[in-house]
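S.K.: Chains as they are written, first to last, in the working numbering: chain A, 692 to 1007; chain B, 89 to 482; chain C, 40 to 125. Provided herewith is a single structure, encoded as structure tokens, for subsequent inquiry.
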Amino acid sequence: MKRPCYINSFASIHPDGITGESGMLHAVEPDYKHIITNANMRRRMSHIVRMGVACGLICLEQSGNKNIDAIITATGLGCLTDTEKFLDNLIENEEQLLNPSAFIQSTFNVIGAQIALITGSHSYNNTYVHRGLSFESALIDGMMRIWEGDNQVLIGAADEVLPAGHTILKRLGMLDNIILGEGSQFFTLAAEKELYTVAELAAVRTFTGKLSSEEMLHRIKIFLTENNLKSIDIQHLIIGKNGNTTDDLVYNVVEQLFPSTSYSTFKDICGEYPTASAFGMWKGLSRLEESGDIQYLLIYNHYYTINHSLILLKKC
Amino acid sequence: MKIYITGTGIVSGIGINTEENLYAIRHKSHGMGKVTLFPTSLDVPVSEVKYTNEQLKELLALPSGKTYSRTALLGILAAKEALSDSNIDVKAQRTGLISSTSVGGMDLSESFYADFRKDEEKGRLRDIVSHDCGDSTQKIASYLGITDYVTTISTACSSAGNAIMLGARMIKNGLLDAVIVGGTDALCKFTLNGFNSLMILDKELCKPFDKSREGLNLGEGAGYIVLQAENTLKRKPYCILSGYSNANDAYHQTATSPDGDGPYLCMKEALEMANILPRDVDYINVHGTGTPNNDLSEGKAIIHLFGEGTPKFSSLKPFIGHTLGASEGIEAALSVLSISEGIVYPNLNFKKPIEDTNLIPVTECDEGLPIKHVLSNSFGFGGNDSSLLFSAIE
Amino acid sequence: MEELIEKLKKELIQELNLEEMTPEDIDADAPLFGDGLGLDSIDALEIILILERNYGIKIKKPGEGEGREIFRSVRSLAEFISTHQK
């Protein structure tokens, strides 16, 4: 019998749903000075690293348990600002006298590494960078760590927007009615629940491929059966509609599977980006925290119709 | 539950498959040379795979009109060899692919960006779509028809070690029956300059564990092994993965702690998991990059763990360079073969030991040895450390 | 010398991204590494770049022997520059 995975704390740094002049959704950021107190570390951190590290630290603080058995992070595109900075430097200076900081800060595992440094944690540390399933991969790894005996696992995701990214996606025709966004969310998974624990991470499932709506419907039905549930058992559905009418079609079909379920969206607040499903999960947990009558909450998201994920939350 | 290794696939500067790599090692023939893949003013030795992208596409029967990042091409070639070696049909059981990379499609993106930054309407779009780390993994999965579980890990130099560990854990947790694990990285200007800016490249051939070592040589390549549960075997396995560990040094962003705390913890945990004592280890495939920092820290960690009884050890990096996201994939495959062939590999370019540790690596290829346990290390940026223990099947 | 020290402080603040610090906050004689400003090996590389880019002085390896003394404080850096500047 696999150990349950309780979500003992959850934190988020995300946009407020108001598109900026850039045409993108930018995260509303806290005052990092009070969260990342080590100025020497903070000064090197770019936008995404600050978001991720701060969010991770806030989440850990909220859990009340300082012992971390694993730190697992996820990002779809990584540290774009520093990557661009180093590339610009490289080209402008023709490979001469390049600053190493941007290169070091551009590595994909930098958020997890910095959290480990700040907390002095020697424990398991891993980073997933797999498009629209980066966050779910981190969740699955985290769940396995709990099954294997860990007591508390810190899991989180972060992605940032860049004007260059916006221009490129526009040229690729990938911004048809879609607003790009960014943000970071962190969660602590634990083997034991606390008085304040809102929910259990009951199951995570991922699929890759251009699936027809019928195919997706079929897979959701199998997922529910595997978890001994029927569609009427899901009281609330959170879906990753992003505004593109063609790509959003599958969500309309899926909604039909849950006729008496209430549903909500999340990308209108955070925008579209590879790890947006982390915000979807944070929103789901917030909803469970407020509402007394939701027992099971299902989050279904896809990233450009290729990466699909199902996250099932069970209220405690 | 035992995790069996049933296939190996290696592409590096010394060979396009496992056999060529072993041949080169036996003949002490390294893959170092000047950079030819892109124009650069940096004059440092690198280990390039001796095939152009077009030639790689031909080997894979891929349409020459379609754009693939070099990282993807190297990865597909190595993963294909590993899968074929294992004799399994991916559809016959729950099969996964866990690949790692640090470069991703940067070999193409950097060309795109050079044009794009001058004029945002410029730059070939097909060169930017493979940028992210997941691209090469997905290309490999599509080529091999793997759909059950596919993901990408990126933790710098320890990436492939973590991919291998995840694969084993997914089998043990009942989520997969067979999994191809490892990593791939192509050489690119961004990475070469990144390492140069850190002043850790050797302008000469690298000398791991040598007193006069000056830094590392970069390399490129891909390495994969196939892990399986016992009930899905379709051939006699090479050995088992008996132990593994991932620990964070938590000391500094790029340097390892002077006493090698993370590396020590890592190696120790891998042995404890396998329930074997340090003196039972027959050979260590060290991370041995040739940087002053790594080799000293890793050396101290080895002495701390093994004491007087340090086993035979060597670094493969003088042959193939530091292949970053691919390194533990390639080196794990060679560690597996160390057991099945009874071979320990030579550490090239070694003359005098580091004074503080006085450790002397194996400098000649030695065969026909009763190798039962091989430890393979990879220690990366961000303090991300991993160790794998391979053992002969009883 | 004092002018050079002021200039160096500004360059350090800019290149090392020492946010919210002004030249007045930096003590010219305080240690740069370890205590004092608490810089690390990556900062050492950045300082080597400042020396080469802004003053035309090439240093190969950070923090070895003579190198260590040069990097001790802002003042020692300034003194090194004034004797070696091309």
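Cβ coordinates follow ideal geometry from the N, Cα and C atoms, glycine included.
#1: Tell me where the beta strand (DSSP E) around R114/B begins and ends.
#2: Going by CA-CA distance only, name the one from I795/A, Y815/A and F949/A that's closest to L908/A.
#3: Check the C-beta distance from I727/A over to A745/A and give it rounded, since I have them as a contact under 8 Å.
#4: Return the residues of the stretch 769-792 of chain A that lie within a Cβ-Cβ distance of less than 7 Å from chain C, sorted by chain order.
#5: Starting from the N-terminal side, write out each stretch of the alpha helix (DSSP H) that is 4 residues or longer and does not extend beyond the stretch 695-750 of chain A.
#6: Name the one or two DSSP bridge partners that V99/B has.
#7: Which residues does DSSP list as the beta-bridge partners of R896/A?
#8: For my contact list, L768/A and D850/A are in at a C-beta cut-off of 8 Å; report their separation, rounded to the angstrom.
#9: Identify each residue in the stretch 60-89 of chain C for which the Cβ-Cβ distance to at least one residue of chain A is less than 7 Å, and report them in chain order.
#10: Go to V374/B, then tell me how far its alpha helix (DSSP H) extends in each direction, as first and last residue.
#11: Could you pull the DSSP bridge partners for F794/A from this structure?
#12: Roughly how many whole angstroms lie between the Cα atoms of D370/B and N363/B?
#13: I need the straight-line Cα distance from P380/B to L359/B, nearest angstrom please.
#14: So the alpha helix (DSSP H) K912/A belongs to, where does it begin and stop?
#15: Let me confirm a value: T122/C is counted as buried when at least 16 other C-beta atoms fall within 10 Å, else exposed. Which label applies?
#16: Give a yes or no on whether 8 Å exceeds the smallest Cβ distance from L130/B to chain A.
#17: According to DSSP, simplified to helix, strand and coil, what is S953/A?
#18: Can you tell me whether F877/A is helix, strand or coil according to DSSP?
#19: Check H123/C in the structure and name its three-state DSSP category.
#20: Distance check for S951/A and Q926/A, CA to CA, integer angstroms please.
#21: Does A266/B come within less than 8 Å of chain A when only Cβ atoms are used?
#22: Can you find a CB in chain C that lies within less than 8 Å of the CB of R734/A?
#23: What does DSSP give as the partner residues of S428/B in its beta bridges?
#24: Any idea what DSSP makes of A848/A, helix, strand or coil?
#25: Taking N250/B as the reference, which of L853/A, I930/A and I763/A has the closest Cα?
#26: Would you report the Cα separation of S700/A and Q843/A, rounded to the nearest angstrom?
#27: Please state whether the Cβ-Cβ distance between F407/B and H118/B is less than 8 Å.
#28: For V895/A versus M834/A, is the C-beta spacing smaller than 8 Å?
#29: At a Cβ threshold of 8 Å, is T858/A touching chain B?
#30: Short of 7 Å in beta carbon distance, which residues of its chain neighbour G331/B, apart from the five on each side in sequence? Order them along the chain.
#31: Which residues, taken in chain order from the stretch 47-59 of chain C, show a beta carbon closer than 8 Å to some beta carbon of chain A?
#32: Any beta carbon from chain C within less than 8 Å of I795/A's own beta carbon?
#33: Assign K693/A to buried or exposed, taking buried as 16 or more other Cβ atoms, counted over all protein chains shown, within 10 Å of its Cβ.
#34: Going residue by residue through the stretch 780-846 of chain A, where are the continuous alpha helix (DSSP H) segments of at least 4 residues, counting only ones entirely within it?
#35: Check this for me: beta carbons of N334/B and M258/B, under 8 Å apart or not?
#36: Pull the bridge partners of K1006/A from the DSSP assignment, please.
M.R.: To lay it out plainly:
#1: Per DSSP, R114/B belongs to no beta strand (DSSP E); it is in the alpha helix (DSSP H), T106 to R114.
#2: F949/A
#3: 6 Å
#4: L788, N790, P791 and S792
#5: 730-733
#6: A310/B
#7: L1001/A
#8: 6 Å
#9: G77, I81, L84, E85 and L88
#10: No alpha helix (DSSP H) contains V374/B, which DSSP labels as neither H nor E.
#11: None; F794/A has no bridge partner.
#12: 15 Å
#13: 26 Å
#14: S904 to E917
#15: exposed
#16: yes
#17: strand
#18: strand
#19: helix
#20: 8 Å
#21: no
#22: yes
#23: BP columns for S428/B are empty, so no partner.
#24: strand
#25: I763/A
#26: 11 Å
#27: yes
#28: yes
#29: yes
#30: A358, L359, M361, A362 and L477
#31: E54, L55, N56, L57, E58 and E59
#32: yes
#33: exposed
#34: 791-796, 801-810 and 825-838
#35: no
#36: A890/A
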